[in-house]
Structures are given as structure tokens and as C-alpha cells.
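Read the structure below first, then the notes.
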Amino acid sequence: MEKNNGTPFYKNLATKKKPKKVVQPQNKSVPKKGSPATKKERSAAYPYKITSSLFGRIPADASSFLNNFDSAIQSVYPLSAKQLQQLPKNINELSHQLTDERSDRRLGYMNSQINLLAYAHYFQWWNLYRFTSLFSSFPEDAFSFLKSNSFALDIGSGPLTIPIALWLSRPELRNLNLTFYVLDISQTALKLGEELFLSAAAACPASNNSDPWKIVRVKGNITTEIKQKVSFVTCANMFNELIQNSEKSLIALSKEYTRTLLSYADKNAAVLIIEPGIPKDSHFVSLLRNNFVKSDFSVVAPCSHSEHCPMGGANSKKWCHFTLDTKYAPKKLTELSTAAFLPKEDVTLSFVFASNFKKLQEKRYLTLRVFSDVIKLPGGIVGRYACSVLGLVLVTGSPTLKLKSGVELLVSISPEKADKLPIDIKSGAYVINIG
Numbered sequence: 050m051e052k053n054n055g056t057p058f059y060k061n062l063a064t065k066k067k068p069k070k071v072v073q074p075q076n077k078s079v080p081k082k083g084s085p086a087t088k089k090e091r092s093a094a095y096p097y098k099i100t101s102s103l104f105g106r107i108p109a110d111a112s113s114f115l116n117n118f119d120s121a122i123q124s125v126y127p128l129s130a131k132q133l134q135q136l137p138k139n140i141n142e143l144s145h146q147l148t149d150e151r152s153d154r155r156l157g158y159m160n161s162q163i164n165l166l167a168y169a170h171y172f173q174w175w176n177l178y179r180f181t182s183l184f185s186s187f188p189e190d191a192f193s194f195l196k197s198n199s200f201a202l203d204i205g206s207g208p209l210t211i212p213i214a215l216w217l218s219r220p221e222l223r224n225l226n227l228t229f230y231v232l233d234i235s236q237t238a239l240k241l242g243e244e245l246f247l248s249a250a251a252a253c254p255a256s257n258n259s260d261p262w263k264i265v266r267v268k269g270n271i272t273t274e275i276k277q278k279v280s281f282v283t284c285a286n287m288f289n290e291l292i293q294n295s296e297k298s299l300i301a302l303s304k305e306y307t308r309t310l311l312s313y314a315d316k317n318a319a320v321l322i323i324e325p326g327i328p329k330d331s332h333f334v335s336l337l338r339n340n341f342v343k344s345d346f347s348v349v350a351p352c353s354h355s356e357h358c359p360m361g362g363a364n365s366k367k368w369c370h371f372t373l374d375t376k377y378a379p380k381k382l383t384e385l386s387t388a389a390f391l392p393k394e395d396v397t398l399s400f401v402f403a404s405n406f407k408k409l410q411e412k413r414y415l416t417l418r419v420f421s422d423v424i425k426l427p428g429g430i431v432g433r434y435a436c437s438v439l440g441l442v443l444v445t446g447s448p449t450l451k452l453k454s455g456v457e458l459l460v461s462i463s464p465e466k467a468d469k470l471p472i473d474i475k476s477g478a479y480v481i482n483i484g
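The sequence shown stops at residue 484 when you use our numbering, and every number in between is there.
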């Protein structure tokens, strides 16, 4: 790779602005104003290597538990043969409540036994599949800030999906004497979740034979006071419910909820937010991420930088989300999904993992995080959108066909050449060919 004297990549870039967008054929690219790129430069293929992925392989004992999660539910909350027969229908009806019938759904829908068990057998199971895959991919030291006697808080915990996924995916955390506050308006969901967590801990024990984490159930919402400051604040699939009918703007809501989340945090803490990978929810996660950065947090994942998120605006046509195919999903889960007329080829999520104690190391070379599916461009060209310290990037070339959502690429390109990259008129993204 080309040397740049150890200076962080973006520090060497000129502060030239992108040209104003004009009406052009879709996805045709032009050089930056004042930085004319030759045809040879526009077609040059830059060397790259894949350095990481956002989805990893979970431990063997966790995989076994996950493949038989329905049995774990049945062991703590058994259904009769007739109830099991009705389960696909109940799942389908709950799916409608959570999507196209949101406005008519009761706030305490998880207090219903039918809804809760439908949720656990389908939605929680799918969430565990994607969350354990995600957490397994984080660096070895990603959770090194957690020590024995540390405190964590999961807001909107429901049946404890995040604590269970952390236990399954990170064996090093099983050996710690953690206290996990789990906060939700449904005590019924929390009770089921604690039983499922204990089942996971029994099936996937700590290597030092220590006791499972202490679970403290708290009935309440995101404004409920927790007396103990915590080292880790988490929440999943909660903000999509809180923001759906609000009259406030996403920007105003993101500032309000950022203050609330950080009010729970200790001086040295990390925050993990996960939401569905759909446009509105993804934009909201991006806004939270920007607020965390302004509060002197660094992004652990998925970002390769702490600059402003190019997809953080409410009107952005691109949203930061990642896709995991269902190839390795539990067979019984995919069969149940088909029976409920909710088959899945892939699952998506948006997330941000940030801390205020571990500063992001600026990369010497251009690092890209791929987030989109393959895009077919004019002239038989293919590409994918990615994020970088430059902002939005359109990565083109045949190698993009084999890239998976969430992979991180290290591209060998000097700041001088990056300063002359062409711009995609349709999206405003920098165009980098790796073909």
C-alpha cells in the first residue's frame, strides 16, 4: 500500500466541496469541481483487502442452544398441542400488529400470553439469530470495559433478548460477575426472559463455573430512574415504537433520547442501540450516533470513523443498515416462519456501538464499510454503497458481487488520488472502482 507518512487519512484531504448536483443520466459520475480526473483515473482499479465482517460465527454451544430455542421456551412456558398448532396463526397476527397495524396496537401488548409466546417463538428467535451473529463479530477486546461487579442496563428489554445474545455470543463475559438491570413495562415479558436467560446459562455455562449474571427486573419505561450508574446501556427494537407517532422531528427526538440514555451511564461507559434496518429507524440510529460523537463518544462499530454520518438526515435516500442471510438460521425457525406465511431470505438491522473511553484510532488508509445490496449500474457495471471518512462512497467493480453486507474494506489510495475521485451525480457519493 502507498505510504502517507503515518498521517490520518482524512487529515491530508483538500477541503474542496462536491459540485452541485445537476440532472444527469442515473449513476454517471463526474470529477470533483476543480479536480479534473482523467478517463484513466476514473477507471483505475484500486487494490483492497477485506479486514473484517459484521457477522461472525457463534460458539458451538450457543449454536446448539439457538437451534433448539423453541425447546427452551417450551421448558419454561409449555404450550399444549392445540396451542402449538395455533402458534403460526398467532405469529402472523402479531406481525400485523407490529407493522401495518401499529397505530391500533396496545402499548402493553406483551402482557398478553398469546402475544408474548408468539413473540418469543418467532421475533425473539430471529433477533437472537442476528444479534448473536453481530456480537460474535466484534473485536476480541470490544467488551473489555466490563469487569466483575460491573453494572449494565437493558432498556425495553422485553424477554431479555440482548442479555441472552451477549451470554451466547461472548464466552469471555460468562465468567464475569455482572449485574444486569432489565427495564420494561411488561413484568410478564421480563419474567419469561429471565427464565430463558437461565436456560441459556445452563446450556452454555461459564468456563470457570461461576454463577450466571444477576438479573434485576425493573418495571418501567425509558424515563424510569435507576439508582445505580451503569457501564453499559443497551436497547433493541425500542425506539421504532417510541418515534412512530410522535409529532416531534427525528432530530429533536434524537437529542432528547440521547440525553436520557447518557443519564444512566457512568463516567466510563458504552452504549449499544439496535433497531430494524428500515429507513426511518436507521436514520434515527444515525442521528443518535451523531449525538454520541458530539458527547465525546467514539464509534466502536459499525463506523470506520467518527465524522458526521452521511446518512443521518431524515430526508436522506440512503440508510445505514446491514443484511444477514438466513442460510445458517435454525431450520426449525425457518420452517415455523414458512408455516406463519412469513418466510425470510434475509434479516436486517441498524445499530451503533459507542464508548466514551476508547478513542477510535484514525486509519492511515481509506477504510470502507459496505452496507447496501448489489446495485446494477449503466454499462453492465455493478456496485455497492459504503461509508467512509470521506462520506458516502459507491464502490464499483465485479468484486462487489462477492462482498457481503457489513464487510470492511481497506483501500490502497493516496489522499492525493482520493481528492480527485469522481462523484456519482445521482447519490453524490464518491466513486471508487475496485474491479
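Think of the CB as a built atom: it goes at the ideal place given N, C-alpha and C, for glycine as much as any other residue. As the structure is a computational prediction, the values presented were derived from the model and not from experiment.
Hey, how far is the Cα of residue i from the Cα of residue j?
| i | j | result |
| --- | --- | --- |
| Phe288 | Pro220 | 29 angstroms |
| Asn160 | Leu391 | 23 angstroms |
| Val72 | His357 | In this predicted model, Val72 has a pLDDT of only 27, less than 50, meaning its place in the structure is not dependable enough to derive any value. |
| Ala249 | His170 | 15 angstroms |
| Gly205 | Lys466 | 47 angstroms |
| Asn258 | Lys278 | 28 angstroms |
| Gly477 | Pro359 | 10 angstroms |
| Gly484 | Leu337 | 35 angstroms |
| Cys369 | Leu209 | 25 angstroms |
| Leu373 | Asn270 | 30 angstroms |
| Thr468 | Ser399 | It should be noted that the sequence gives Asp, not Thr, for residue 468. Asp468 and Ser399: Cα-Cα distance of roughly 30 angstroms. |
| Asn139 | Thr237 | 18 angstroms |
| Phe192 | Glu324 | 20 angstroms |
| Ala285 | Asp190 | 22 angstroms |
| Leu385 | Pro379 | 10 angstroms |
| Ser280 | Ala388 | 41 angstroms |
| Leu310 | Lys131 | 43 angstroms |
| Ile472 | Pro464 | 16 angstroms |
| Gly207 | Val267 | 11 angstroms |
Pop quiz: residue i and residue j are said to be a contact at Cβ under 8 angstroms. What is the actual Cβ separation, rounded to whole angstroms?
| i | j | result |
| --- | --- | --- |
| Val348 | Tyr313 | Incorrect: roughly 19 angstroms between the Cβ atoms, too far for contact. |
| Lys15 | Tyr434 | Summary: the structure shown does not reach residue 15, with the chain confined to residues 50 through 484, and so no result is reported for it. |
| Phe420 | Ser447 | Between Ser447 and Phe420 the Cβ distance is about 19 angstroms, and since that is not below 8 angstroms, they are no contact. |
| Asp203 | Phe180 | At roughly 12 angstroms, the Cβ-Cβ gap does not stay under 8 angstroms, so Asp203 and Phe180 are not in contact. |
| Asn317 | Phe406 | 4 angstroms |
| Tyr97 | Val460 | 5 angstroms |
| Ile462 | Tyr95 | 5 angstroms |
| Leu217 | Cys253 | 6 angstroms |
Give me the residue from the options with the minimum Cα distance to residue i.
| i | options | result |
| --- | --- | --- |
| Asn226 | Asp203, Leu202, Lys263 | Lys263 |
| Ser185 | Gly105, Ser355, Gln293 | Gly105 |
| Leu136 | Ile234, Asp119, Asp374 | Asp119 |
| Leu441 | Leu452, Val401, Pro464, Cys352 | Cys352 |
| Ser335 | Ala318, Asp315, Ala251, Leu302 | Leu302 |
| Ile213 | Glu189, Trp174, Phe194 | Trp174 |
| Leu450 | Gly432, Tyr95, Asn294 | Gly432 |
| Asn251 | Leu470, Asn482, Val444, Ser124 | The residue asked about is misnamed: residue 251 is Ala in this sequence, not Asn. It is Ser124 whose Cα lies nearest to the Cα of Ala251. |
So what does DSSP say about residue i, is it helix, strand or coil?
| i | result |
| --- | --- |
| Thr228 | strand |
| Asp190 | coil |
| Lys297 | coil |
| Asp119 | helix |
| Glu324 | strand |
| Phe281 | strand |
| Tyr168 | helix |
| Ala249 | helix |
| Asn286 | coil |
| Lys196 | coil |
| Ser78 | Note that Ser78 has pLDDT 44, beneath the 50 cutoff, so the model's placement of it is unreliable and no number is given. |
| Ala94 | coil |
(message) As an exercise, report each continuous alpha helix (DSSP H) stretch of at least 4 residues that is fully enclosed by the stretch 400-484, in chain order.
(response) Correct list: 464-467.
(message) Which complete alpha helix (DSSP H) runs does the stretch 327-378 hold, if anything under 4 residues is left out?
(response) 328-343
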